[in-house]
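Sequence lines, in order, name chains H and P. Residue numbering for the first sequence follows the numbering used here, starting at 2 and increasing by one per position. Residue numbering for the second sequence follows the numbering used here, starting at 99 and increasing by one per position. We treat Cβ as the ideally placed atom computed from N, Cα and C, and that holds for glycine. Take a look at the structure below.
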Amino acid sequence: MTYLAKPKLHHPDLPKNSVGHTRRDYEGRISTLCAGCGHDSISAAIIQACWETNIEPHKVAKLSGIGCSSKTPDYFLGNSHGFNSVHGRMPSVATGANLANRDLLYLGVSGDGDSASIGIGQFAHCMRRGVNMVYIVENNGVYGLTKGQFSATADKGSKSKRGIANSDEPIDMVGLALQLGASFVARSFSGDKQQLVPLIKAAIEHKGAAFIDVVSPCVAFNNHSGSTKSYDYVREHNEAVNRLDFISGRDEITTDYAPGTVTTVTQHDGSVLRLRKLDPEYDATDRLKAMDYIQQHHARGEVVTGLLYVDPESSDLHEHLNTVDAPLNRLTERELCPGAVALEKINASLR
Amino acid sequence: MKQITSTNDFVIKFANVNGSGSASANELFARSILRMGVPVAPRNIFPSNIQGLPTWYEVRVTENGYQGRRGGVDLMVAMNPQTWDADIKEIEEGGYLFYDNTKPLPQSKFRADINVIGMPLTEICNATYTDPRQRQLFKNIVYVGALSALLDMDPNEIERLFSEQYKGKEALLQSNVKALRLGRDYAQQHLGGPIGLKIKRADNVGNKIFIDGNSAAALGAVYGGATVCAWYPITPSSSLAEAFIRYCQKHRVDPANSKNKFAIVQAEDELASIGMVIGASWNGARAFTATSGPGISLMTEFIGLAYFAEIPAVIVDVQRGGPSTGMPTRTQQSDVIACAYASHGDTKHVLLFPEDPTECFEFTAKAFDLAERLQTPIFLMTDLDIGMNTRLCAPFQWDDKQAYDRGKIMTSAMLDSGRDFGRYLDVDGDGITYRTYPGTHATRGGYFTRGTTKNRYAGYSETGPDYIDNVQRLLRKFDTAKKLVPAPLLYPAERPARFGAIFYGSTSPAMQEALDVLASRGVHVNALRVRAFPFQDEINDFVASHPWVFVIEQNRDAQLKTLLVNEAKINPSRLLSVLHYDGTPITARFIVDQISQHAAARTVVPLKKVVS
Chain H
2 MTYLAKPKLH
12 HPDLPKNSVG
22 HTRRDYEGRI
32 STLCAGCGHD
42 SISAAIIQAC
52 WETNIEPHKV
62 AKLSGIGCSS
72 KTPDYFLGNS
82 HGFNSVHGRM
92 PSVATGANLA
102 NRDLLYLGVS
112 GDGDSASIGI
122 GQFAHCMRRG
132 VNMVYIVENN
142 GVYGLTKGQF
152 SATADKGSKS
162 KRGIANSDEP
172 IDMVGLALQL
182 GASFVARSFS
192 GDKQQLVPLI
202 KAAIEHKGAA
212 FIDVVSPCVA
222 FNNHSGSTKS
232 YDYVREHNEA
242 VNRLDFISGR
252 DEITTDYAPG
262 TVTTVTQHDG
272 SVLRLRKLDP
282 EYDATDRLKA
292 MDYIQQHHAR
302 GEVVTGLLYV
312 DPESSDLHEH
322 LNTVDAPLNR
332 LTERELCPGA
342 VALEKINASL
352 R
Chain P
99 MKQITSTNDF
109 VIKFANVNGS
119 GSASANELFA
129 RSILRMGVPV
139 APRNIFPSNI
149 QGLPTWYEVR
159 VTENGYQGRR
169 GGVDLMVAMN
179 PQTWDADIKE
189 IEEGGYLFYD
199 NTKPLPQSKF
209 RADINVIGMP
219 LTEICNATYT
229 DPRQRQLFKN
239 IVYVGALSAL
249 LDMDPNEIER
259 LFSEQYKGKE
269 ALLQSNVKAL
279 RLGRDYAQQH
289 LGGPIGLKIK
299 RADNVGNKIF
309 IDGNSAAALG
319 AVYGGATVCA
329 WYPITPSSSL
339 AEAFIRYCQK
349 HRVDPANSKN
359 KFAIVQAEDE
369 LASIGMVIGA
379 SWNGARAFTA
389 TSGPGISLMT
399 EFIGLAYFAE
409 IPAVIVDVQR
419 GGPSTGMPTR
429 TQQSDVIACA
439 YASHGDTKHV
449 LLFPEDPTEC
459 FEFTAKAFDL
469 AERLQTPIFL
479 MTDLDIGMNT
489 RLCAPFQWDD
499 KQAYDRGKIM
509 TSAMLDSGRD
519 FGRYLDVDGD
529 GITYRTYPGT
539 HATRGGYFTR
549 GTTKNRYAGY
559 SETGPDYIDN
569 VQRLLRKFDT
579 AKKLVPAPLL
589 YPAERPARFG
599 AIFYGSTSPA
609 MQEALDVLAS
619 RGVHVNALRV
629 RAFPFQDEIN
639 DFVASHPWVF
649 VIEQNRDAQL
659 KTLLVNEAKI
669 NPSRLLSVLH
679 YDGTPITARF
689 IVDQISQHAA
699 ARTVVPLKKV
709 VS
């Protein structure tokens, strides 16, 4: 956290992306979170991913609920519209916003309190409807803004800062997302930008509900020994199944890899996901095996990360609802109102 | 024995078992009377149940077109043994009982002062049909046929309705006509022809239409340009969303590619419904939800956000009896306070009170203009009585020249021209500020929407002056709303009147009738129908010009009166409440009785008059 204003003058030679923006054009206000907070690293990864995918910043709508994580949309993409809604209710607001204008990118940022407790219902239904959005949960296992109460993702037996052990079973957001039909499911770690940025980029290009659970340590209330969401614990127990290279468009894959170590997944829009396998057994297009794998490793205390599942043939809510191609918010009375002549016919049918 | 005789002015009630197929037969009966040019006012009285429990359908035949419930029953069609005793009791002295006498009933089950007409409906149907379902379904048509003879109706009108309903389905048409004639012929041959109650062809229906308020509101949403509807099933509002689906499928599918110019989501709960509405409206689409009281309770947090962050939303509240699950299939006007002040913190919302399906259509369409102009939630306060009963009302009207009022939207061109954009900056003095749609401009006009306090430029703020600046402006905006919402309508008495009466919503038809009855008895009352909140000054003027003003409501706690006292600063001692809240629609008889009692107690000339 800093009170120093960010300088607005940029170096003229800062590199620009294909839509003419520097990386700094994707920044937001200065974060008010604690120094070292994992959430700030995620904001930085979002900035990097958006810049690299050449998205125009104002074509992104940022949505969040309530909590530390939900404050972060103020700290990236300062030219985008943001909506800090109601605790646990970001998914419904995002769903409505998405229905109104299918042309924007919807980036939902939430926390484990927001999405695994009060908002678990909306999280579930957003996944099963296939709302075309990136849904990031910044998962630290505690309620930060209210000073350190356990959240529903805290592991059973993990200890609070005051040494109290959590007696409740944890909710695994990744497991839920898989079970509920999310068509893109990933887990990452705020401390591993190399892994996280490509995942966000791939999620942005994905059509449908793309969920990323990012373990993001809370330096103030959950970074001690006995916590399973601390920097040290996650580093020691991180079990990455793959590393992702995201390639937009139908670029040819030229780099050579040892046979059997790379899988490519071509998505509906032609974008290619190139997965460098760390576990040769892992198949990221098999939902059932992914669920099984994650559960087994979780039982061993390991945090499985990487692109855990992707459905290359995914569809989204607009497709299910068969809506017109034009954004609904652009339709006028000319397209929407049946008019007086039709009304007279309706009147006649009611006599 | 006395026999009630009346032409075109009586009440017939059908006591049925729900799930037995009676509803469509009963509605057919009501429609055929309309086709004879005689107005009817039908009402469904039904349980929160799908099959096996008692249900009633009451048809008021009313040559002069009174659409309120009259009270009392002149002819009971008693088809449900479960409710027999209560049904018999309800018949007026000299009235008629029509029943299925296939199984004999003891004399003790009848009343001596009513006219009993028995017809072996079950026996006739069992003899004619072999399929058990047909035996049940056609029993309903057979009694409609018998009634057509007893009430001297034109059977051709019923047959015409059949041929419209079963166009292209010849077998269904023939079997229905057959059942109808079966009943009619039996009644003519064995029941002694017409009774004292008669339907005589008239010309009092005119160009009126016959529709329920929920369908009308749904059509209003189509005409008003709603593209997003998010809802959760709840009686009595579900049929509104379902009607919206039907109308959209008919009128909103692009013929070029069969794609939908609408998005309807059945949400997981009411919290999600209103969340989707707010998300869509924030993003520039016209969106609405339909619900009832319990849904409003669940939506309250979000409604507060929409008020404070200034996001349009249209919420149709089809009110039922509360609190809690209350009387889910009965009617009340008991969400007035809950909606007016829905949210924690200092909050006020715009309410619209339609009187019938015509206004449901008109006000729903208008609600979208109001929501976008005022950037705030707009409540359409209808109820079960309007929403779920087919009502004879004025035809819908639409002016093709009128454009949607999308409110104050700052466009990309305006931003480029250097206009100062502050999301909460009041540049016109009306309390309404400019908004931008997400994605408008690459470098300008972006802002952060939040439920926390903010300054005029949407920046996060926790300072007192910013808070006060914001909420005072919201009051200015609420004042602006007064000029935009439907004005109250005055119904002046024909003679100078000491009493005034304020009423709203579904009380309207009973009130109009009560005013006529009271006038005929020498009690003259000026009436004012309130059609919206915030209240306009006309309401204060109206109260000021009468020593006493009745406020007629369908709730226990005099909710509109509370709002009048609270918000219009009306002296409560001037207001006399007439309250009806047993879940049945208010009747003219009730209003007349209550007002007559009050009037009798206040025959003393008020002091003001003595002095002047």
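For P/Cys491, the secondary structure class from DSSP, reduced to helix, strand or coil, is strand.
Under the Cβ criterion of 8 angstroms, H/Ser93 is counted among the residues facing chain P. A contact between stretches requires three or more CB pairs, one per stretch, nearer than 8 angstroms, and the segment 329–347 of chain P meets this requirement with the segment 357–364 of chain P.
Note on geometry: alpha-carbon atoms of P/Phe127 and P/Phe112 lie some 11 angstroms from one another. Within chain P, the C-beta atoms nearer than 7 angstroms to that of H/Gly83 come from Phe546 and Thr547, in chain order. Per DSSP, the beta bridge partners of P/Cys327 are P/Ile362 and P/Phe386. 8 angstroms or more divides the Cβ of P/Asp211 from the Cβ of P/Ile102. For P/Phe208, no alpha helix (DSSP H) encloses it, and the DSSP letter there is neither H nor E.
For H/Thr147, no CB of chain P lies under 8 angstroms from its own CB, so it is not counted at the interface with that chain. P/Gly192 carries a strand assignment under DSSP once its states are collapsed to helix, strand and coil. A Cβ-Cβ separation of about 6 angstroms places H/Lys208 in contact with H/Asn133 under the 8 angstroms criterion. The Cβ neighbour count for P/Ala324, taken over all protein chains shown within 10 Å, is at least 16; the residue is labelled buried.
Going by beta carbons, P/Ala244 and P/Ala269 fall outside the 8 angstroms limit. Looking only at P/Val663, P/Lys201, P/Tyr241 and P/Ile413, the smallest Cα-Cα distance to P/Lys464 is reached by P/Ile413.
Assignment of P/Thr181 by DSSP, reduced to helix, strand and coil, places it in the helix class.
Considered as a whole, the segment 59–92 of chain H harbours 69–72 as its complete alpha helix (DSSP H) runs of no fewer than 4 residues, in chain order. Assigned with DSSP and collapsed to three states, H/Leu276 falls in strand. One finds Asp352, Lys357, Asn358 and Lys359 in chain P with Cβ atoms closer than 7 angstroms to the Cβ of H/Val325, taken in chain order. The contact set of P/Asp183 on chain H, defined by CB atoms closer than 9 angstroms, is empty, because the minimum CB distance reaches about 38 angstroms. Residue environment: H/His11 is assigned as exposed (fewer than 16 neighbouring CB atoms within 10 Å of its CB, all protein chains considered). Within chain P, not a single residue places a beta-carbon under 7 angstroms from that of H/Arg277; the smallest gap is close to 35 angstroms.
When CB distances to chain H are screened at a threshold of 9 angstroms, the residues of the segment 363–391 of chain P falling below it are Val363, Ala365, Glu366, Asp367, Leu369, Ala370, Ser371, Ile372, Gly373, Met374, Val375, Ile376, Gly377, Ala378, Ser379, Trp380, Asn381, Gly382, Ala383, Arg384 and Ala385, in chain order. Per DSSP, the continuous alpha helix (DSSP H) segment holding P/Arg133 begins and ends at Ser120 to Arg133. H/Gly307: member of the beta strand (DSSP E) spanning Val304 to Val311, first to last residue. CA-CA distance, P/Pro455 to H/Thr147, rounds to 49 angstroms. H/Val143 is bridged by DSSP to H/Phe151. In the three-state reduction of the DSSP assignment, P/Trp496 falls in the coil class, being assigned neither a helical nor a strand state. The Cβ-Cβ distance between H/Ala187 and H/Leu309 falls below 8 angstroms. Taking 8 angstroms as the cut-off, the Cβ atoms of P/Phe451 and P/Gly603 count as close.
Counting along the chain, the unbroken alpha helix (DSSP H) around P/Ala225 starts and ends at Leu219 to Thr226.
By the beta-carbon neighbour count (other beta carbons within 10 angstroms, threshold 16), P/Ser422 is exposed. Residues of the segment 123–156 of chain H that bring their beta carbon within less than 7 angstroms of a beta carbon in chain P comprise Gln123 and His126, in sequence order. Under the rule that a run must span 4 or more residues, the alpha helix (DSSP H) segments found entirely inside the segment 498–550 of chain P read 510–514.
The distance from the Cβ of P/Pro632 to that of P/Glu592 is about 31 angstroms, inconsistent with a contact at the 8 angstroms cut-off. Within chain H, no residue has its CB atom less than 9 angstroms from the CB of P/Pro331, the nearest being about 15 angstroms off.
Residue burial annotation: P/Pro536 is buried, with at least 16 other C-beta atoms found within 10 angstroms of its C-beta.
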